[in-house]
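Taking it in order: structure first as structure tokens, then the write-up.
This is the structure in structure tokens:
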């Protein structure tokens with residue numbers, strides 16, 4: 003198993019070598035062939051699954067995964083997952099032998115079952131974003147939230163945004179009301195109840211003097227410090243721009259956090275209900291008005 007993992011790592015890095023003009027083995031045709039074959043295999047896998055199993059639907063696929071909707075209860079869905087794994091592996095053994103007279107080393111693995119799944123769309127498009135989804139999985143008899151590629155597991159988002167996304171997803175998966183939760187969360191931010199969770203954290207990777215062409219917010223905040231004591235800069239966005247937490251002089255710009263941290267996450271969920279963030283926030287304003 004360690005050997006196969008090592009081979010996989012080498013193969014992945016070799017694609018980078020083939021695609022880089024600065025390296026000895028550069029060959030764009032070979033690099034394109036690898037990505038094209040990858041797409042071909044995923045599409046063929048999806049086609050074979052839907053052809054063989056009439057009652058299932060492939061709802062998403064990316065570079066190395068195919069997601070299948072079964073509409074079965076979980077035990078039967080698990081059995082079907084194992085059956086699909088066996089069928090596809092045998093399919094490629096036969097396919098490679100008949101078309102290339104070669105042995106197939108492709109191996110499809112039934113990795114997990116999502117009890118519920120949310121795949122956000124790309125902004126302004128119908129297509130799903132690649133490698134970005136969240137779902138409920140069962141581990142040791144308990145249902146847990148599992149997130150791939152979304153804001154809740156990325157370092158450039160605040161704790162407030164991460165907590166917001168996790169709670170929002172759980173409400174979606176358990177069919178609980180989301181609009182009131184969104185309005186209440188916005189209210190908490192504006193009332194200053196979540197200030198400690200609005201801190202941005204970003205690393206300074208070079209000398210502050212070297213930032214000439216562009217000046218990112220964390221650099222602007224760092225330049226306001228009398229002395230750099232760490233390469234990790236913690237800062238707020240205020241009404242006067244970025245300010246380090248140690249020298250906060252102006253009011254926190256709550257509108258910035260709502261627009262840049264809360265709104266993009268809320269819209270992913272509200273799209274499921276064909277609603278927009280403005281629908282929810284305007285509703286909140288009207289309730290206050292009357």
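In the working numbering, the protein residues as written are 3 to 292.
Heads up, the beta-carbon is just placed ideally off N, CA and C, and yes, glycines get one too.
Quantities reported herein were computed from a predicted structural model and do not represent experimental measurements.
* Asked: Is it true that the CB of residue 233 sits closer than 8 Å to the CB of residue 201?
  -> Within the chain shown, numbered from 1, the residue matching residue 201 stands at position 199. Within the chain shown, numbered from 1, the residue matching residue 233 stands at position 231. For residue 201 and residue 233, no; Cβs fall outside 8 Å.
* Asked: Touching or not, the region 116-125 and the region 86-102, by the rule of three or more beta carbon pairs under 8 Å?
  -> no
* Determine the DSSP secondary structure at residue 60, reduced to helix, strand or coil. => The residue labelled residue 60 in the question sits at position 58 within the chain shown. It is a strand residue.
* Report all residues from its chain with a CB closer than 6 Å to the CB of residue 221; omit the five preceding and five following residues, and keep chain order. => What you label residue 221 is simply residue 219 of the chain shown in a count that begins at 1. So the list reads 213, once near-sequence residues are dropped.
* From what residue to what residue does the beta strand (DSSP E) around residue 243 run? -> As a working mapping, residue 243 is identified with position 241 in the chain shown. Where residue 243 is concerned, the enclosing beta strand (DSSP E) stretches over 243-246.
* Residues of its chain near residue 225, where Cβ-Cβ distance is below 7 Å and the 5 sequence neighbours each way are ignored -> Reading the chain shown from its first residue, position 223 is the one you call residue 225. So the list reads 210, once near-sequence residues are dropped.
* Asked: Do residue 9 and residue 47 have their C-beta atoms within less than 8 Å of each other?
  -> As a working mapping, residue 9 is identified with position 7 in the chain shown. As a working mapping, residue 47 is identified with position 45 in the chain shown. In this structure, residue 47 does not lie closer than 8 Å to residue 9 by Cβ.
* Asked: Measuring CA to CA, which of 86, 237, 264, 260 is closest to residue 251?
  -> Numbered from its first residue, the chain shown carries residue 251 at position 249. Closest option to residue 251, Cα to Cα, is 237.
* **For residue 203: DSSP bridge partner residues** => For this step, residue 203 is matched to residue 201 along the chain shown. 236.
* To do: Can you grab the Cα-Cα spacing for the pair residue 266 / residue 243, in whole Å?
  => Locating residue 266 in the chain shown gives position 264, where the first residue counts as 1. Locating residue 243 in the chain shown gives position 241, where the first residue counts as 1. Roughly 21 Å separates the two Cα atoms.
* In its own chain, which residues sit with a C-beta less than 6 Å from the C-beta of residue 63, not counting the 5 before and 5 after it? -> Walking along the chain shown from the start, residue 63 turns up at place 61. The answer, listed in chain order, is 44, 48.
* **Residues bridged to residue 120 (per DSSP)** => Translated into positions along the chain shown, residue 120 becomes position 118. According to DSSP, which records beta bridges pairwise, residue 120 is partnered with 136.
* Asked: Which residues does DSSP pair with residue 149 in a beta bridge?
  -> The residue given as residue 149 occupies position 147 in the chain shown. In DSSP, residue 149 forms a bridge with 136.
* For the 8 Å Cβ check, are there 3 or more pairs between the region 31-43 and the region 68-77? -> no
* State the CB to CB distance for the pair residue 168 and residue 147, rounded to an integer number of angstroms; the pair is presumed to be in contact (CB under 8 Å). => Looking up residue 168 in the chain shown gives position 166. Looking up residue 147 in the chain shown gives position 145. Rounded, the Cβ-Cβ distance is 6 Å, consistent with contact.
* Rounded to whole angstroms, what's the CA-CA distance from residue 139 to residue 174? Just pull it up for me. => Taking the chain shown and counting its residues from 1, one reaches residue 139 at position 137. Taking the chain shown and counting its residues from 1, one reaches residue 174 at position 172. For residue 139 and residue 174, the distance between alpha carbons rounds to 14 Å.
* Asked: Between residue 134 and residue 151, is the Cβ-Cβ spacing less than 8 Å?
  -> To locate residue 134, count along the chain shown from 1; it is residue 132. To locate residue 151, count along the chain shown from 1; it is residue 149. Cβ atoms of residue 134 and residue 151: closer than 8 Å.
* To do: Give me the Cβ distance between residue 191 and residue 235, rounded to the nearest whole Å; I'm assuming they're in contact under 8 Å.
  => For the purposes of this step, residue 191 is taken as the residue at position 189 of the chain shown. For the purposes of this step, residue 235 is taken as the residue at position 233 of the chain shown. No, residue 191 and residue 235 are not in contact; Cβ-Cβ is about 22 Å, not under 8 Å.
* **Segments of 4+ residues assigned as alpha helix (DSSP H) that fall wholly inside the region 158-211** => 161-175, 181-192
* Which partner residues of residue 71 appear in the DSSP bridge assignment? -> Here the question's residue 71 lines up with position 69 in the chain shown. For residue 71, which the question treats as bridged, DSSP gives the partners 59.
* To do: Determine the DSSP secondary structure at residue 144, reduced to helix, strand or coil.
  => On the chain shown, position 142 is the one that residue 144 refers to. In this structure, residue 144 counts as strand in the three-state DSSP scheme.
* Candidates 12, 13, 15, 33: closest to residue 21 by CA position -> One-based indexing of the chain shown puts residue 21 at position 19. Considering only alpha carbons, the answer is 33.
* To do: Report back the beta-carbon spacing between residue 199 and residue 162 to the nearest angstrom; my notes put them in contact at under 8 Å.
  => As a position in the chain shown, residue 199 is number 197, starting the count at 1. As a position in the chain shown, residue 162 is number 160, starting the count at 1. Contact flag correct, Cβ pair sits at about 4 Å.
* Asked: Excluding the five sequence neighbours on either side, which residues of its own chain have a C-beta within less than 6 Å of the C-beta of residue 256, listed in chain order?
  -> Numbered from 1 along the chain shown, position 254 holds the residue referred to as residue 256. Here the set comprises 191, 192.
* Asked: Sorted by chain position, which residues of the same chain lie with C-beta nearer than 7 Å to residue 145's C-beta, five sequence neighbours on each side aside?
  -> Within the chain shown, numbered from 1, the residue matching residue 145 stands at position 143. 117, 138.
* When you compare only the Cα positions, how much space is there between residue 17 and residue 71? -> Here residue 17 corresponds to residue number 15 of the chain shown, with the count starting at 1. Here residue 71 corresponds to residue number 69 of the chain shown, with the count starting at 1. Distance between the alpha carbons of residue 17 and residue 71 is about 32 Å.
* Per-residue burial, residue 11 [other beta carbons within 10 Å of its own, 16 or more giving buried] -> Looking up residue 11 in the chain shown gives position 9. So residue 11 counts as exposed.
* Exposed unless 16 or more other CB atoms sit within 10 angstroms - verdict on residue 280 -> Counting from 1 along the chain shown, the entry for residue 280 is found at position 278. Residue 280 should be labelled exposed.
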